[in-house]
Each structure stands twice: as C-alpha cells, then as structure tokens.
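Count the sequence shown with the numbering used here and you get residues 2 to 1209, in order. The C-beta atom is built at its ideal place from N, Cα and C for all residues, glycine as well. Nothing here was measured: the structure is a model prediction, and the numbers come from that model.
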Amino acid sequence: MTEPATSLYPFGVEGGDQEYVQRTVDFNSPLFKPEIGFPFGKSLHDALYFTDNGQIIFPPTDNYVPSNPNPPPRGFTGRESLPMVAAFWDDADFSKGVGTTWYQEYSTLSSTQESVVQDVESKIEKYLKIPYVAKWTLKVTWEKAPAYPSRRDDSQTSTYQAVLTTDGNRSFALLLYQDGGMRWDYTKLAAANVLIGFSSGNGYAQNELTQKPPAVRYRPDQESSTGSDVRGLWIYRLDSRSRVNYRLQCLAWLDTEPAPATWNSQLPACPCSRPQAELDPRYRWSRGAKDSPPGPGMVPPCSGGSCDAPTIPGPADTSVRMLRTVSPSPAGAGVRCLYRGGSLLEGWQERTWSLPFHTTTDRELEAFDWCCRRVGKPLFCARFAEKRPRVGCEGYVPPTPAGAFGDPHITTLDGLTYTFNGLGDFVLLLASDAQTSFILHGRTAQTGMAQATNFVGFAAQYISTTTTTVEWTLGSQDDIQVLLNNETVQFSYSEDLGDEVYYSPGVLLVNASSVTAVFNGSIAVSVSASSGILSVVCSLPDWYRNSTRGLLGVWDHDPADDFQMPNGTSIPVNSSEEEIYSYGMTWAVGEHHLFSQPLDSPALNFTPFFLSRLRQENESQYQLAALQCHGSKECIYDSLSTGNLALGLATQSLAADFQQRKTALNAFPPIITGDASITAFRTEKVRRQYRALGAGARFIPHLSPELNISENGTLIWKPREIAPFTINLEAVGSNNISALLQLRFTLCRCSRSQECDYGNTVILRESSLQLAACRCESGYSGPLCRDPLDPCSQGCFPGVGCDPFRGCGPCPAGLTGDGQHCSDIDECAQGMECPGNSTCTNTVGSYVCSCLASEQGERPGCGSACGYHSCPEGYCSNGGHCHLHPTTCAPTCTCPPAFTDQHCLVAGGDFQPLPSTAGLPRRSIQMRVKTLQNTTAEEVNSTVSAILDSLEVKAFQSNTNITQMTDSDGFTFVLVSEFAYDSRGTVIRFLNEGLLAAITGAFNARQRRQARTGLLFQRLHRDNITDLVKLTVDELRDYFPCSLYGYKGYQLHYVGTVGFICISPCKMGYCQHGGQCQHLPEGPTCSCLPFSIYSPAGVQCEWLAISLAAFLGILLGALALLCLLFAIACLALHLCRQRRRQHQGTKETLWRTRPFSSLTMAGEQAEPTISHSLERHWKLQLQAIDPSVQIRIQRPHVMPPSQSPQQP
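Following this line, the structure appears as structure tokens:
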C-alpha cells in the first residue's frame, strides 16, 4: 500500500511568511542570526542564510556568503569548507519571473504558542523518539523553483520546504517535499547531480538518494525516509555532541528579569574610596560565593561604548575586592562595589540580595558568568548590563557618626563632644521620618568605686512595617551578650563575610571586633567592649537630618543647639559641667526603657565628680595627667576620676580613632571627567584630554611604545600591534586618595574606515583592548575586508577548471554558459541536419541521428551524427581530451588550463603547481596536553584529531609519537601533529602564521563549552606547543616546480592571496616591441613583427633596426624644416630694423644721438645747415646716455677760435 504524502506547512502570505526573491540567476537571503546560536556538528554557529539553489549555509563570517549552484557529484564528505543543509541543492534560476521563496523565524524562548513549532516538536518526538521543546525555528519555502535555464512559461518547477530548529543544545532539520510538486525535467539537465542531506564541515554528514538514479533523486516527494510512515519527509539531527549553551541560559535569565525601575529605588551609591568603604557600616567586604564561577582575574567592560557590564573578580586577581550592602533594600535588592587598591573600580545593582552565609550558588554572579564570560560576545554582556545597571559613587553621602565612649564622653551628630556621668537609662537618640522611626537607649553603671559612670548596655528599636529591637549587654569577661526581640542570638560563621553573622528580616547582626546591627540597610549601631566599658557608634542616613533629638544632639550641622531638652529648650554649649549634667538628666528614660531587664538598683542620689572639683582637690595630679594625656580632657577626667591612667589613655585612643574615622569618611578622591571609550582606525594617532577635579589632583603618568598618559591628563594612543593590554586612568589628590577610570580601547583594522563596525567588537584576552568587526564593501571579503573577490569561490560546473584570476573556464563541449552555469545546446532546434532521411534527437551535450527500424544500417544517417568518424590518434597533446563537434564531426580538443591553442601544444596560461615527488616536508609541531581524567593514547589521538580536524583550514594529516609522561597523575601526553603544505596561499599563511593560535583557540573553546561527554583537557597555552618543522615561502619554492609536461621556462611566483602560481614569461612581457609570444616545449618563443620604420630582431625582439630610405627621408625633412625656420627669422629681423629707422626719424630734433662729446662744431653736424654768418659757431649737441652705465663727465671749456678743439 502506498504511504500517504506529507503536507507542507502553511507558507506565503497566508502563513504569515516574508517573501524574498531576486530576479537573477543566483541570489542569497539576508543573514539570520539566532541569539542562542545554532548547534551544527561540533560547532555553535552564529549565522545562516539560504540560497535560491536549495541550500541553507552557515558562513564562517558575515563577510563571506558564497553560493555554489553546482553540488558535488558524489555527495557530501563531511569535510566541506561551508557547513550546509541541502534541501534540494541544484542549479535553480528565478531570473525569468517564475517562482519565489518565503521564510519565517519563530523565537520561542519563553513559550511555544505557534502551531508550526508545536507540530515540528511533535514530529521530532514521534520519529526520533526525542522529547524536544524548540527555542528557535526557521521555516524556508521554495515555491515553484525552476531549473536553470528557466523560461517565462516554465511549468516544470519544484516546491519544497526546510525547517531548521534548535533548543540551544540540540538541533534538527525537517525537509518536506510537496506531493506532485517536484517536476524538474532531469533528462534535460546538463548535470543531474541534485543533492539532499547535510554536512557540518567537521566530519558529520549524511546524503540521501545519492546512489539512486535521477528518476528517484529528483522525485523525493515520492520517497520516504527510514522509520517514516509518510512520503516526502526527512528529519535529521544536526548536532553531533552535547553541550551547555550559555547563550540560552543567559537569554532565559534575561527574559525572566524585570526592568530595573521596578526594584532599584532607594539603593545607595558605592563609597568613593576604599577607606570610606571600610568605615561605612552599611557595607561589608564579600569574598564572593563559595562556588562562584571560576575564570580570569577580571572581565573588563564590553564594547562599542554600550556595554556597561560589571567587572567581576576571580580567584586569580587578589588586588580586586568586592563590597556588598549588608542588608537588602525594601524591594530586596542590593549593591556590589569593586575596589582595586584604594580606588573604586565600579559597582552595579543586584535585584536579589542573597544572605551572606548562603552556601548555594550566587545567582547574581552565575548570571554574569553566563552572559559575560561563557558566551564571549559583548552584546550579551550589554544585555546583562541593561538588567543590572552600573552604579558609581555619584551621590554617595558618607554616614554621619555619633558616639559615646569611656567614662561617658559623648560626641553628637554635629560633632560636639561633652562629658555626661549620669547613672541610669538615657535616651541617646530619637529619629523619625514619614515611614520609620528609630530609638537608641543607653544604660550606665558606676565605674567601680569612683564617682563616675560608664555604659554597660545599649538597646535600639527600629520601627517600619515591623518592630525590631536589639539589645547589647556587657558580660563579665568583656564579652557582649546580644538579644534580638528579647531572644538570644546564635551567630553563624559566614564564609562570604569572614565573620559571624545573624540575619533576620530588617536587621543584620555582625559579630567581629564589635557587634554591629544594621537596620534596613541604612541605620548602623556598632557596640564594642574594652576594660569593662561599652562604647557605641551610631550612623544615620541623610534623610534623618533635622529629625533627631536626645543626648546625641539635634542633627542640623549646627552644634549650638545640640543641648536641647525634651521640652524644646536648650542650654548654651559653653555651659558648666554641672549645667550639662542637669541637661543630660532630662533625657533619663525612667520606666519606659527598651531593655529586657530593669536596672538592678535605680540611682537615687548619685552625683559624679566633675573635672573642676578633681583639679581643685589635687592640682599636681591634674598636671601629671594632663602631661600624660597630652591635654585630652576626656583622658584627664577618666584618669583622675577612676585613678586608672590606662583607662584614660584607652579613652583617648577611642576618641582619636573616632575622629580619624570621621575624617576618612569625609575624604573624597578626585573626579575624573572624559570619555572612557577610545576608538582608533589602524595606526592613526588618537589624542584625548582628561580632567581631574579636586584639591591638588594630578594624573599618574604612563609611558609605553604605543600609549602615553601625561600628568596633566593628556592621553596619546598610536596603535602599533594588537597585543592585548590593560590600563586604567588614575588620578590622585593631595590627600593621597586616588580615583580610577576604566578605559576601553577599540581598534579597527579594516581596509577602509567606513567598514568599521564599532558596535560589534571582540575583547582580546580579557584586556582593555577590543577589535571592531568589519562590514566589507566593494566585493572584498575576509576578517579585515582585504581579500579581493575570489572568482573561484562560487564554484564551477563539474569538469570546468577555474583560473584564480579569470574565473571559470568554458563549459564542456555541447554545453553553453559562463562556466559556472552550463546548459545543454539543442542542436536539433538550431537546425542541425541529419544525413539522408534520419531524424535528429537532442541529447545532453550532443545529438543523435536515427532512422526507422527498417532502415537501420542501410545508409549514413542511421545512428549517431558522427557514427563514422573518430578523433585522430594523438590529435590532442599534453592530456587534452578530444571530442567530435556534433555538427561538423571535426575533432576538437579540451585542453588543461595552461594551454592556449587548439591542439594543447602551445602553453602560456597560469596554473598552480603540484608538489614535487621528492617529498614535501610536513608542517609539524609537538604538543604537551594534560587530560582531566585518566585515559589512553588512543583516546587522546582520537580527540586531538577531531579538534585539529575542526580548524578553519583543513590541512591536518595525523598525530604520531604519542607518549604518556610519567608525572604524578599520569595524565600528561606528548604528541607530534603533522599538517600538509600545498600551493595555496591560505594554507601556507595559516600553517606558518596562524596555526599555533588556532590550535590553542580550538582547544580552549572546547573547554569553555564544557562538554558533558568526551575527553577534556586542561587549558592549553602557547608554551605547551613547540615548532618542529616550519618552512618559509622561500624554502617551499624548491618543492613546487613548474615542470608542466616538460615545458621549460615557466617562472614560479608567490601571490599572497593565491599562493604559488606558475606564470609563463609570455605574460610577463617576455617579447619586446610588440613581438608575439608562444610558449613551446623548449620555452617561450617570440615572433618579431615590424612596425613603423622599425624592424625588431633578437630572441626577445629586443633589437630595433631602421631602414636607410626611411632615415634619409627623415633627414631631408628635418633640413627643409630648418631652412624654412631660418628664412622666417631673417624676414622678421629685416622688418624690425626698418621699423626702428622710421621711428628714429620722427624724433630727430636739436637733441640727437651722436658719438659722445659734450660739444661739437657746427661743421661736424651730420646734416648741413644754412649759415647766416661766416663766423665759426658752436652748437650744443648731446648724445643719449645709457642710465645703467656710470660715466664721469668733465665740465666743458670754451676755447678761442684760434685754438684747436680738444676733447674733454
């Protein structure tokens, strides 16, 4: 009985899908990027896309998205360079307007409500017997996909679907084929190699129907898979190993976390310095959870200026300490702060404050571990930071302490210190706001036999929605007994805090050198015991200001009103000891005390000794005490009133310590202003200016080859390399308290600046440096967009070679196309005539002429068109393949790539050489690996081979010399791994430059994924790998000869993007002066062709000869031109002289040019004049003088007529 057919899932507009189609021969869809990743084989992939040719491809980078329309004829091997799922891989053509594709993504992290996803889950459970809940699903539909070449009226199309789904740990593919919808005419396809199945690229593959004839392979809708009860359905499991998907765990945590605004009100800021942190009782140092996630010393902020994830200290970084609020906020939240040295690094808010003695996993740190450490993608860390906002020390207000110590000396909240020796129970503090109130009582007793008192008990009560009362009582051994709501407290040791603690909702008790109670995370009371005396320090939050009364004063920053009595009246602060004593007694409690037990013997007529009386009684003792107490009144009083100098000095120490604490709490570091995120393009110099605000603030200089920070805050960064570094900007004030600013350096190494994607970065080994990703343009690819378009990356038609510069060669004989897409030539449709009365029948690559059965063999024309012809023996040389032209039956050669003529005799084309038979050495390394459990050499070989097989460049060959070392645990192995060189540049570059980094990355990435099964290794370092054999490019040249079929003269070149390539001198300008070059077996040969007046000669046409007739013609022509120029020059000169004479004639007057003489005789004139007298006379004649010549002129003298004239 025929099995029923499967049904496709609803698709198109009705199914809510999106359409994607381009009317071109080939096209790819946009990239799909499931947040949880997609497990495929042994890897977790970030992105995928589908093609028009029935493929779903998982690219290595976003910048490399090829599409090969031609499946391998023998199917998948599992070692393909591109992992893919082939739903129906063959050359499709949507360019003529027929067919389209549809897709839809289903993200079901929190729930599965989509009916399509529910059906996918049920099919997986039914056919694979695996319980499954999908978290991400992609449905792709190829509707009426036509085969290449398509026609506008094409009806022989195919409709099918692929559904990819994953729960983050496992992944599956469902391939569905429409019943009756798979209609390609496979008899007319140039290469009927359709492929169905998948390949992970790392050894995991499956092929369907590959061994079946085309009639079966092209009709999968009529076939059924093993274990299926329907036709047209195949289900594959795509992952080949179990894993923990930390992306999934992070996203699931993020999905359940509410917005911070719902829980982070009333959370304090971090203390600005470590001294403030140590003295603020609202915080305690935390050692982190007992099983906090292991990892590096710290993880810096993420990337792109958008990731503000916190820095978490790990076991390796002892310089970083974590501070936590000791009590949760009303919403149950808290704050964590990190300090390096004495400076605040950063802080962040946590929604779930955990008990300090909780022994289970710290959920807050665990979530950070998932999102910011395990995933390794800064965007996840940015998402974490959205749920856990960062907090600094902006707005931090130190607590204001007040205290009582010694033979009671009291310091008010406003800093006023006085002595009060009342006996009994007293109100130290009353404080309240709109929602809460706080009361602190103190109990005193007589100090031995002295007329003085000291505190022996305190009781505090905090009232909000509940009432909490804590009582401290001095024990006989200077210990402190603590009651909580009249119940004895049993402390438990906290490994997190390193102290004994007790927690009850609303209050945390910490038993260390003092016993501290923190009420609601805001009010702190610390009680300590020494020498039979209790001391107390009480700290209040700022919102109680102007709302306090009692012996600790009115908190309004004005000590003048601190001596305010219950009735509202006050006494001056300079009142006498007796007046202050009377004031203090007004705050006696009486019967309404907070203590669990009343006083043993109420005070009746106790009057203390005042300091003035003690001085009057013994001035010398007073002076001695003043000398020993260095003038401290509290110390003097306690020494004189008790007769115990040690007690006075102890009081002095407590008073000094209290003041030092107040000073430290109010000492702030400088404030650094400036952008912490710095970006640079390649090697450009970046300059930034930072400011430090605060008294005497200056920056700590830093000097290195590529990064300089000056004392005035000028930062200059000139990237030179990509070695990771970690640097924080540090400023220190005059109080020697420093501030830190964590800097984030982002370097873009793309070819062009517009290709830099600063929002998508990778952190280099947990340092301050991160690299920006590249978005390639203009056809370039590769991690840095520096690889030009590879014309061979898209693949060629089966049997067609590919030139690394020109791309695919011509289609095989009988086919037409561009070498990548080839289709059959229909010779019969083109009017091919068969001899006689035979009939033309087209076949793929040729045609057949046939006769009727009764005429078979009677005349030419029966049988094939060239049935009586064959290729002459030896017609094609050097491995060329001879075939007959289907029309003329003339022999034709298909030559190897290097040959350029019709008979494969003349070489000249480029080709990549094969290694010589002499034996190319293998690239080899020695590795020292350590397993986490006992194992065998065979298991180590298998696991290491699998890891090395998964490297990006597939060059691994084998492991040899596997030796187990005899160390303490016996888990260390040494082995030699060998890799094969070939002529490709990518392989040579990878083996010589990137192999060691790729191996350590592959090993350690495997460990980070924490596989539950399989052999695990300790972290592999570069020091564990030793180079044994590594050949340079120059050394490799000897192993790649250009001896193509004995043709001499080829030259070996190395091109970085291609590798070794043999180039004929004919392509390198071997023949000069336009000579034609042919590469024959004996080498390149030039045919010299005459041109113009030249006749080239020589082996390379390097000599030029000129004919005599041409030379004489040129000479005569040159002489004629010179004569003509001479005649023109003479004519111009004659005309110039004639014009000059005319010009001088018009200007000739009394003054005329003559040979130089100051005076001339009238008879010496050039022109005769008419004389009116016979007497000789003189006429003034001056010659024009050249003004550029200096001439000395003598004064003229007039001589009598009898003397002969003289020249001056």
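How is residue 85 classed by DSSP in three states: helix, strand or coil? Here residue 85 refers to the residue found at position 84 of the sequence shown. Strand.
CA nearest to the CA of residue 1017, picked from 1028, 1025, 1004, 905: What you label residue 1017 is simply residue 1016 of the sequence shown in a count that begins at 1. Closest by alpha carbon: 1004.
Would you decide whether residue 1122 is buried or exposed? Buried here means 16 or more other CB atoms lie within 10 Å of its CB. As a working note, residue 1122 is residue 1121 in the sequence shown. Flag for residue 1122 reads exposed.
Please return the same chain residues whose Cβ sits closer than 8 Å to the Cβ of residue 992, not counting the five positions on each side in sequence. As a first step, residue 992 must be located in the sequence shown, where it is residue number 991. Result list for residue 992: 924, 954, 956, 980, 982, 1031, in chain order.
For residue 894, list the residues DSSP reports as bridge partners. Locating residue 894 in the sequence shown gives position 893, where the first residue counts as 1. When beta bridges are read from the DSSP output, residue 894 appears opposite 883.
So, is residue 1140 buried or exposed, given that buried needs 16 or more other C-beta atoms within 10 angstroms? Counting from 1 along the sequence shown, the entry for residue 1140 is found at position 1139. Classification for residue 1140: exposed.
Measuring only the C-alpha atoms, how far is residue 355 from residue 254? Counted from its first residue, the sequence shown places residue 355 at position 354. Counted from its first residue, the sequence shown places residue 254 at position 253. Going by the C-alpha atoms only, they are around 17 Å apart.
Under 9 Å, do residue 406 and residue 652 count as touching if we go by C-beta distance? Counting from 1 along the sequence shown, the entry for residue 406 is found at position 405. Counting from 1 along the sequence shown, the entry for residue 652 is found at position 651. Their beta carbons are under 9 Å apart, which means residue 406 touches residue 652 by this criterion.
DSSP beta-bridge partners for residue 370? As a working note, residue 370 is residue 369 in the sequence shown. Here residue 370 is not bridged, per DSSP, to any residue.
So what's residue 955 in DSSP terms, helix, strand or just coil? Along the sequence shown, read from residue 1 onward, the residue named residue 955 stands at position 954. In the structure shown, residue 955 sits in coil (DSSP, three-state: anything other than H, G, I, E or B).
Neighbourhood of residue 986 by C-beta, 7 Å cutoff - its chain only, sequence neighbours within 5 removed: As a working mapping, residue 986 is identified with position 985 in the sequence shown. Contacts found: 1056, 1057, 1058, 1059, 1060.
Please confirm if the stretch 74 to 85 is in contact with the stretch 192 to 209, defined as three or more CB-CB distances below 8 Å between the two stretches. Yes: the two stretches touch, three or more of their Cβ pairs being nearer than 8 Å.
Spell out a yes or no on whether the stretch 139 to 156 and the stretch 94 to 109 are touching, meaning 3 or more CB-CB pairs, one atom from each, closer than 8 Å. Output reads yes: the stretch 94 to 109 touches the stretch 139 to 156.
For residue 22, write down the residues that DSSP places opposite it in a beta bridge. Within the sequence shown, residue 22 is the residue found at index 21, counting from 1. In the DSSP output, where bridge partners are listed per residue, residue 22 has none listed.
Got a sec? Which residues, its chain only, sit under 7 Å from residue 819 by beta carbon, not counting five neighbours each side? The residue given as residue 819 occupies position 818 in the sequence shown. The residues are 809.
Note down, one range per segment and in chain order, each alpha helix (DSSP H) of at least 4 residues found wholly within the stretch 643 to 692. Listed in chain order, the alpha helix (DSSP H) elements of length 4 or more contained wholly in the stretch 643 to 692 are 646 to 666.
DSSP three-state call for residue 1056: helix, strand or coil? Looking up residue 1056 in the sequence shown gives position 1055. In the structure shown, the three-state DSSP call for residue 1056 is strand.
If you draw a straight line from the alpha carbon of residue 461 to that of residue 430, how long is it in whole angstroms? Numbered from 1 along the sequence shown, position 460 holds the residue referred to as residue 461. Numbered from 1 along the sequence shown, position 429 holds the residue referred to as residue 430. Taking the Cα positions, residue 461 is about 9 Å away from residue 430.
Residues that residue 1064 bridges to, as DSSP identifies them: As a first step, residue 1064 is located in the sequence shown; it is residue number 1063 there, counting from the start. Its beta-bridge partners are 1052.
Could you tell me whether the stretch 478 to 488 touches the stretch 525 to 541, where touching means 3 or more Cβ pairs closer than 8 Å? Yes: at least three Cβ pairs fall under 8 Å.
Give the straight-line distance between the Cα atoms of residue 15 and residue 850, rounded to the nearest whole angstrom. By one-based count along the sequence shown, residue 15 stands at place 14. By one-based count along the sequence shown, residue 850 stands at place 849. Between the alpha carbons of residue 15 and residue 850 lies a distance of about 51 Å.
Relative to the C-alpha of residue 623, which residue among 548, 608, 600, 649 is closest? Within the sequence shown, residue 623 is the residue found at index 622, counting from 1. Of 548, 608, 600, 649, the residue nearest in Cα terms is 649.
Along the chain, where does the alpha helix (DSSP H) containing residue 942 start, and where does it finish? As a working mapping, residue 942 is identified with position 941 in the sequence shown. Following the DSSP letters along the chain, one finds residue 942 inside the alpha helix (DSSP H) bounded by residues 938 to 950.
Measure the Cβ-Cβ separation of residue 469 and residue 505 and say whether it is below 9 Å. Counting from 1 along the sequence shown, the entry for residue 469 is found at position 468. Counting from 1 along the sequence shown, the entry for residue 505 is found at position 504. In this structure, residue 469 places its C-beta atom within 9 Å of the C-beta atom of residue 505.
Let me know if residue 491 comes out buried or exposed under the rule of 16 or more other beta-carbons within 10 Å of its beta-carbon. Here residue 491 is taken as the residue at index 490 of the sequence shown, counted from 1. With a 10 Å radius around the Cβ and a threshold of 16 neighbouring Cβ atoms, residue 491 comes out exposed.
Does the stretch 552 to 561 come within contact of the stretch 571 to 590, defined as at least 3 CB pairs closer than 8 Å? At 8 Å Cβ cutoff, the stretches touch.
For residue 378, count neighbouring C-beta atoms within 10 Å of its own C-beta (all shown protein chains included) and say buried if the count is 16 or more, exposed if not. Here the question's residue 378 lines up with position 377 in the sequence shown. Counting of Cβ neighbours within 10 angstroms places residue 378 among the buried residues, the total reaching 16 or more.
I'd like the ranges of any beta strand (DSSP E) spanning at least 3 consecutive residues and lying wholly in the stretch 429 to 455. Segments of the beta strand (DSSP E) lying fully in the stretch 429 to 455: 438 to 447.
Residue 345 versus residue 744: straight-line alpha-carbon distance, rounded: If you number the sequence shown from 1, residue 345 lands on position 344. If you number the sequence shown from 1, residue 744 lands on position 743. C-alpha separation (whole angstroms): 14 Å.
Taking only three categories from DSSP, how would you classify residue 618? Looking up residue 618 in the sequence shown gives position 617. Residue 618 falls in the helix class under three-state DSSP.
Residue 109 versus residue 34: straight-line alpha-carbon distance, rounded: Numbered from its first residue, the sequence shown carries residue 109 at position 108. Numbered from its first residue, the sequence shown carries residue 34 at position 33. Looking at the two C-alpha atoms, the distance is approximately 14 Å.
Would you say residue 1138 reaches chain D, if we count a Cβ-Cβ gap shorter than 9 Å as a contact? No chain D is present in this structure, which holds just one protein chain.
Residue 989 versus residue 822: straight-line alpha-carbon distance, rounded: Your numbering for residue 989 matches position 988 in the sequence shown. Your numbering for residue 822 matches position 821 in the sequence shown. When rounded, the distance between both Cα atoms is 31 Å.
Assuming residue 218 contacts residue 195 under a Cβ cut-off of 8 Å, what Cβ separation, rounded to an integer in Å, is found between them? On the sequence shown, residue 218 is found 217 positions in, with the first residue counted as 1. On the sequence shown, residue 195 is found 194 positions in, with the first residue counted as 1. With a contact defined as Cβ atoms closer than 8 Å, residue 218 and residue 195 qualify at about 5 Å.
Can you tell me the Cα-Cα spacing of residue 734 and residue 999, whole angstroms? Taking the sequence shown and counting its residues from 1, the one referred to as residue 734 is at position 733. Taking the sequence shown and counting its residues from 1, the one referred to as residue 999 is at position 998. Distance between the alpha carbons of residue 734 and residue 999 is about 46 Å.
Can you find the residues in the same chain that come closer than 6 Å, C-beta to C-beta, to residue 545, ignoring five residues on each side of it along the sequence? Translated into the one-based positions of the sequence shown, residue 545 becomes position 544. Same-chain partners within the cutoff: 432.
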